[in-house]
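Count the sequence shown with mature numbering (1 follows the signal peptide of the UniProt record, and there is no 0) and you get residues -29 to -1, 1 to 136, in order.
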Amino acid sequence: MQFFGRSGQAIKAAGIGAALLFSVSTSHAQSSGPFAGFDGAWTGTGTVSLSDGSTERIRCKADYKVAGSGLNLKQALNCASDSYKFNLTSDVTSQGDRISGNWSESSRNIFGNLQGTAGGGQIEVFVEANGFAANLSLRTNGSKQTVLISSKGEIRGVNITMTKG
């Protein structure tokens, strides 16, 4: 199993960005508080597309906890494919239509941030980490969440779908 290298770090960052987007999507899909209804466990699968044209399946499990104020969300995300795995945490805050947050991947001591906007069931976010940047777009439909990530680096795209329960 490969744990290091540019491809692994880019996939981790993409997965992290996806996790942060999931946390934000429910905040704007619910009417009572920005993260209402999001607490709990989520699972899903997707694909990672590399610059050489190859793709790889990814499996993810997430646990989300909404802070008492309802404006902050803490999450833990564990994802794995056939060639790597990562364990991360994040803390996301919503202020009006602005979204911001930070994340860390504990086993590799990697961290980064995100900024963006949300509205009308669509979320657009820019994610940054050391040596990685990506644009993310999210659409929410009931209990299904779909995240699309695009980058000009070695990781060209990520497509993940998760469901609650």
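Ideal placement from N, C-alpha and C gives every residue a C-beta, glycine not left out.
* Where the beta strand (DSSP E) containing glycine 128 begins and where it ends -> 126 to 135
* To do: May I have the straight-line CA-CA distance separating arginine 28 from phenylalanine 57, to the nearest angstrom?
  => 14 angstroms
* Under the three-state reduction of DSSP, which class applies to aspartate 34: helix, strand or coil? -> strand
* Asked: Would you call the CB atoms of glycine 87 and valine 96 closer than 8 angstroms?
  -> Yes, the Cβ-Cβ distance between glycine 87 and valine 96 is below 8 angstroms.
* Is the Cβ-Cβ distance between aspartate 10 and lysine 32 less than 8 angstroms? -> no
* Excluding the five sequence neighbours on either side, which residues of its own chain have a C-beta within less than 6 angstroms of the C-beta of threonine 117, listed in chain order? -> Arg110, Thr132
* Report all residues from its chain with a CB closer than 7 angstroms to the CB of asparagine 106; omit the five preceding and five following residues, and keep chain order. => Phe97, Ser121
* Residue range of the beta strand (DSSP E) that includes serine 71 -> 69 to 76
* To do: Within the same chain, show all residues whose beta-carbon is closer than 6 angstroms to that of proline 85, passing over the 5 residues directly before and after it, in chain order.
  => Just to set this straight, residue 85 is leucine in the shown sequence, not proline. Excluding positions up to five away in sequence, the list reads Leu(-10), Gly72, Val96, Val98.
* **Limits of the unbroken beta strand (DSSP E) element including lysine 56** => For lysine 56, the enclosing beta strand (DSSP E) begins and ends at 56 to 66.
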